[in-house]
Amino acid sequence: MTDTRCFHCTLPVSEPAVFFAEVEGTQQPMCCPGCKAVTEAIVAGGLENYYQHRTESANQVTDLNRRLQEELQVYDRKEIQKDFVRPATPASDSQNDRFTASLLIDGITCAACVWLLENHLEALDGVEQVSVNLSTHEAQITWRRSETALSTLLLEIHRIGYKAFPWRADQQEALLKKENRLFIRRLAVAGIGTMQVMMYAIALYSGAISEDMPEIYRDLIRIFSAIVATPVIFYSAAPFFKAAWRDIKIRHLGMDVPVSIAIGGAYLASLWATFFSNGEVYYDSVSMFTFFLLTGRYLELRARHATARAARALTNLLPPSCLKEVNGQYERVPVAELQPDDKVRILPGDAIPADGVLLNGSTSVNESMLTGEYLPIEKQQGDTLLCSSINVDHPVDIKVTKVGEETRVASIIQLLQQAQQDKPAIAKLADKVAGWFVACVLLVAIFVYWGWSGIAPEDAFWITLSVLVVTCPCALSLATPAALTAATGYLHRMGLLVTRGHVLEGLQSIDHVIFDKTGTLTKGELSLTQVIPFDGCSYSQEQLTHLAAAMEAHSEHPIARAFIVHSDSDQQSCQQDARDVKNHLGQGIEGTINGTRYRIGRPDFAVPSDRLEPPEHDGQWLLMSSNDQPLCWFRITDSLRPEAVNTVQRLHQMGKTVTLLSGDAEPVVAATAESLDIRHWKSESSPDDKLSFIQALQKQGHKILMIGDGINDVPVLAGADISMAMGNASDLARTSADAVLISGNLERLADAFNLTIRTRKIIRQNLAWALGYNLAALPLAAAGMIAPWMAATGMALSSLIVVANALRLNRTRELATKPHQPTTPSDAGNVGVAGATA
Amino acid sequence: MESLIILIPLALILIAVAIKVFFWAVDDGQFDDLEGPAHSILFDEPQRPKIPKKASNKVNKP
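Residue numbers (the numbering used here), protein chains in the order written: chain A, 1 to 838; chain B, 1001 to 1062.
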């Protein structure tokens, strides 16, 4: 593990860096071809200022490929566009060519992204106006359809490292917008009202202190204060009353109940004092209280909207389609229309749309999403292919046997629904405090009233009221939400999107972290990790790798990509060119380099005359031979994410138990566990096994955090106390998880635990402060020594302190950019591409 | 002090107007993005002329 980080996405890069891109004259390290391509596209567009302006790192990007381009072209079809593209000029114009598309952009991390997107797109032909909303990640693009196809615009967005989805502004979105605007209105009324009432209150205070204000003026000011405060109470504070009424109906004491008692009680008493010209008025306190609380709630609302939107974006994809044979021709139809016995063609790289039987030929499929097995599985004619597995090798035809509810995936989804029902609930700290608090305040108020009615009956009511106002739980009810909102927002910017509310409070109690293997701890793609030459082989390991890379350059098999990464690292090696390259399906590849015939593949293919056994049983071993003489073994495995070792180590240091729970074969899981220093692991687990495994742990009282990506992880994700999905996980996993690791950087997980500890500390400080203030003021109020102006000042100060304290969570920048702890070299040596040439 | 009798109602009218204007701004969508506009002024670049996208490159060092 090193400190080298990708210039674009700032993920760690394993040494030596393989990819570079030139930015303003300097060669910058890149983590993957995707980031390299994006950086080059940004520089080529003259927009390298982005890297100076940005305040957050970009997300790691996947490689652009032909397939994506073809898929994007589906968006050029008018019937698909009608959902999210509308004419920019009135429809009556017959020459109408200007259209506006609403898109949702995935991958926006800071304001520089908005600048980059707008400038990059506006430089394109035919684009008239682009506006990107930083809060909602919505983009409005106005362009001339005859000059540029929509798919070109989408492709350009992908080229600079973002993803674009059609944004159908549906009812839910309209509701969010309406709620947001209504809240801003409430906030404005409360804010302006508070300022005005406070101005009158200053006059009243000074009059009260100097005791020379004529009563007529005092009453006049009180009446106008009442006029201004009334809309604040009835319009701005309405949500609190509604929520309190709801709480009382279901017999649950939330924070809204004491809040409503304080606001409503003080307002009514002030009205009474105004009209009967006696006692005290608390219009200023009431308005200010409403305003502070609304501000807190508004921050909460915005965080909630942001996550709701992001969660919806995960599901806002094109309906999946497939190629179905109709009258001897293949047509693209939505998957939902498939029936059993339909014949479907599946191209390499496509997901299989339904369970089916292979009709002709053979291929291999990747079932890692369903089983966790990372190597492609060979399928012959007559074999069953499972829905959601991915075809790797050849275009094949299948006959559909099961669709929809009957498929294997659907049975996993049923398991998911069961698991969701059994999910343990996490109690909220604030609500626990609230119930206790309400009871105390009401008891004290009754006691004070009873006490004073014996001593001075005419003052009893006013003193009781001042007790209610002083103990008004303003700071108390801001304490938790302000801290949680600040922390959630910070996590989001760090690349961890929290989609369910209980995550931050729940993380504190987690003692057991369970990882899936394929795609979570590993990258889910194959790479070359070891080269073992035979005795007497005259080539060096490097030469062997380069020879293999030259041959594999002619193949599109996932295994080939493991070699090609190496050839990029060393430009001179690419001089070699393989001729007459032939792919033998399921066997290997053969070709001629500089007149010598080489073969790479299964042992019985590379050296048919001799039965050679791989040096070890686990992992996938390929044999390379020249003219029937064995040269070396290549070991191909799914490489670990570079930050995995460090993350697991940090989790161990925090005292968490880490478990590896995988559907993959035992030797592979054991090796992965060993290289990560994970002591507990379980292999060959079906989705049922995984779920029962965590439920058994939960019965023992453990609190479980599960991190996974595949469809086979979905039931466990739903059943775990808290679940996280990787950013590139299957859609189902992402939508059923409580949080999504958008950046794909596992270290964010350890950061999240750190942040939780800090958050809890801040919540505790806040609660302690708020309770302490209330307790200190209570005896003074009960003794009748608190004037309205003291109550107002104290409340304002304690609220501001609580909010300012919570905002400190937002400033923990160093968390995201903290350099790696150096790890032991043996850990790093086992993993990553560096191992092959070591 | 007598001026209060005119000035306070006058202030009330001004508040009403201010709230009215604010409501209009909310409905106009001016509060839909509270983060972007704050940053966008910092990135002010002269609008580049509309030219085919590949030709707009800055000088790239080899």
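Every residue, glycine too, gets a C-beta built ideally from N, C-alpha and C.
Contact belief for residue i with residue j at Cβ below 8 Å, rounded distance in angstroms
i, j, result
"A:Ala354", "A:Thr295", "So it is not a contact: roughly 52 Å between Cβ atoms."
"A:Thr852", "A:Leu778", "Only positions 1 to 838 of chain A appear in this structure, which leaves residue 852 of chain A out of reach."
"A:Asn646", "A:Thr596", "So it is not a contact: roughly 43 Å between Cβ atoms."
"A:Val802", "A:Ala475", "5 Å"
"A:Phe634", "A:Leu528", "6 Å"
"A:Pro716", "A:Gly708", "Per the sequence presented here, residue 716 of chain A reads as Val, with Pro not at that position. Indeed, because the Cβ distance is near 7 Å, the residues count as touching under 8 Å."
"A:Ile593", "A:Leu622", "Actually they do not touch by this definition, with Cβ atoms about 17 Å apart."
"A:Met369", "A:Ile636", "Between A:Ile636 and A:Met369 the Cβ distance is about 20 Å, and since that is not below 8 Å, they are no contact."
"A:Lys324", "A:Asp341", "So it is not a contact: roughly 11 Å between Cβ atoms."
"A:Asp459", "A:Trp452", "6 Å"
"A:His53", "A:Ala112", "4 Å"
"A:Val448", "A:Ala262", "With 8 Å as the limit, A:Val448 and A:Ala262 do not qualify as a contact, their Cβ atoms being about 15 Å apart."
"A:Phe165", "A:Leu104", "5 Å"
"A:Leu176", "A:His305", "5 Å"
Identified DSSP bridge partners for residue i
i, result
"A:Gln52", "Paired residues: none, contrary to the question."
"A:Ala101", "A:Val85 and A:Ile141"
"A:Lys402", "A:Asp355"
"A:Ala787", "In the DSSP output, where bridge partners are listed per residue, A:Ala787 has none listed."
"A:Asp638", "A:Leu526"
"A:Gly601", "A:Gly588 and A:Leu623"
"A:Met706", "A:Ile514 and A:Ser723"
"A:Lys343", "A:Lys399"
"A:Ile532", "A:Trp633"
"A:Phe165", "A:Leu104"
"A:Arg5", "A:Pro12"
"A:Pro667", "Its beta-bridge partners do not exist; DSSP assigns none."
"A:Ser364", "A:Glu378"
"A:Thr596", "A:Ile593"
"A:Lys582", "A:Glu590"
"A:Trp452", "Paired residue(s): none; A:Trp452 is not in a bridge."
"A:Thr657", "A:His512"
"A:Trp681", "A:Leu660"
"A:Thr26", "A:Val23"
"A:Val441", "DSSP output for A:Val441 lists no bridge partner at all."
Within 9 Å, strictly: CB atoms of residue i and residue j
i, j, result
"A:Ala729", "A:Asp713", "yes"
"A:Leu204", "B:Leu1004", "no"
"A:Leu134", "A:Ile42", "no"
"A:Arg493", "A:Glu173", "no"
"A:Ser799", "A:Leu478", "yes"
"A:Leu375", "A:Phe515", "no"
"A:Gly161", "A:Val259", "no"
"A:Leu253", "A:Val130", "no"
"A:Ala560", "A:Ala578", "no"
"A:Ala482", "A:Leu299", "yes"
"A:Tyr598", "A:Ser625", "yes"
"A:Lys163", "A:Asp125", "no"
"A:Gly356", "A:Val326", "no"
"A:Ser270", "A:Ala190", "no"
Proximal chain C residues relative to residue i, where beta-carbon distance stays under 8 Å
i, result
"B:Asp1033", "Any reference to chain C falls outside this structure, whose protein chains are A and B."
Check: residue i C-beta below 8 Å from any heavy atom of the ligand MG
i, result
"A:Leu47", "What this structure holds is no ligand at all, so the ligand MG is not there to describe."
Please list, in chain order, the residues of the region 1007 to 1023 of chain B that have any C-beta partner in chain A closer than 9 Å.
Ile1008, Pro1009, Ala1011, Leu1012, Ile1015, Ala1018, Ile1019, Phe1022 and Phe1023
Looking at C-beta atoms only, is the number of pairs between the region 272 to 285 of chain A and the region 449 to 466 of chain A that lie closer than 8 Å three or more?
yes
Touching or not, the region 646 to 664 of chain A and the region 744 to 761 of chain A, by the rule of three or more beta carbon pairs under 8 Å?
When C-beta atoms of the region 646 to 664 of chain A are compared with those of the region 744 to 761 of chain A, three or more pairs fall below 8 Å, so the two segments count as touching.
Is the region 248 to 259 of chain A touching the region 181 to 198 of chain A, taking contact as three or more C-beta pairs under 8 Å?
no
Which of the residues in the region 216 to 242 of chain A, read from start to end, lie with their CB under 8 Å from any CB of chain B?
Tyr217, Leu220, Ile221, Phe224, Ile227 and Val228
With contact counted as at least three CB pairs below 8 Å, one residue from each stretch, are the region 518 to 538 of chain A and the region 697 to 704 of chain A in contact?
no
Contact between the region 687 to 698 of chain A and the region 664 to 677 of chain A: three or more CB pairs below 8 Å?
no
Tell me, please, whether the region 731 to 743 of chain A touches the region 756 to 776 of chain A by the rule of three or more beta-carbon pairs shorter than 8 Å.
no
At least three beta-carbon pairs within less than 8 Å, the region 223 to 231 of chain A to the region 432 to 445 of chain A:
no
Positions along the region 478 to 505 of chain A whose CB lies within less than 9 Å of some CB in chain B:
none
At a CB distance below 7 Å, what residues from the region 188 to 211 of chain A approach chain B? Give them in sequence order.
Ala188, Val189, Ile192 and Gln196
Does the region 1016 to 1028 of chain B come close enough to the region 178 to 188 of chain A to have 3 or more Cβ pairs within less than 8 Å?
Yes, the region 1016 to 1028 of chain B touches the region 178 to 188 of chain A.
Cβ pair count under 8 Å reaching 3, the region 339 to 356 of chain A against the region 382 to 399 of chain A:
As far as the Cβ criterion goes, the region 339 to 356 of chain A touches the region 382 to 399 of chain A, which means the pair count is three or higher.
Taking a Cβ distance cut-off of 7 Å, strictly less, list which residues of the region 597 to 622 of chain A are near chain B, in chain order.
Going along the region 597 to 622 of chain A in chain order, one finds no residue with a Cβ nearer than 7 Å to chain B.
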